[in-house]
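Reading through the structure tokens given below for one structure.
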Ligand SMILES: [Fe+2]
Ligand SMILES: [Fe+2]
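Numbering (the numbering used here), first residue to last: 135 to 268.
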């Protein structure tokens, strides 16, 4: 299977549907990192909308009765949403504050995604009885 270009090699889970969705999240991060002219509000809007698509999809594939980390996994997703919503509420018109927020968002997104994908996402898809086949 050819790799998704935006997905770092150490984040590939060999689940084509999930890898595609994760690569879209990394494409968003790459856009923030390489294009300073993108309005932060646009980034937040796209992020919130796509994360909702991805988390809902992933949560529907989990089988609560056989997946031992079901509740922890959902809690991590909710924590991410809360953090992004908290950052979004700090959008102001000041250029300096925007730049600080942009840097913070870049770091948070990158670190959280790499940790989450390599931790609990990888563990979820390591055992077939944890999830439904797509
Ligand atoms: Fe997840
Ligand atoms: Fe995920």
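All residues carry an ideal CB built from backbone N, CA and C; glycine is no exception.
> Three or more C-beta pairs closer than 8 Å, one from the region 235-246 and one from the region 150-168: is that the case here?
Replying inline: yes
> What does a CB cutoff of less than 8 Å around residue 265 pick up in its chain, not counting 5 residues either side in sequence?
Replying inline: 195, 196, 197, 201, 258, 259
>> Run through the DSSP bridge pairs and tell me what residue 221 is partnered with.
In response: In the DSSP output, where bridge partners are listed per residue, residue 221 has none listed.
>> Let me check you understand the geometry: is the CB of residue 255 closer than 6 Å to at least one non-hydrogen atom of ligand 1?
In response: yes
> What are the boundary residues of the alpha helix (DSSP H) that residue 150 is part of?
Replying inline: 150-168
> So, do the region 224-238 and the region 135-149 have three or more beta carbon pairs nearer to each other than 8 Å?
Replying inline: no
>> Using only the alpha-carbon positions, how far apart do residue 232 and residue 173 sit?
In response: 9 Å
>> Give me, in chain order, the residues of the same chain whose beta-carbon lies closer than 6 Å to that of residue 177; leave out the 5 immediate sequence neighbours on both sides.
In response: 166
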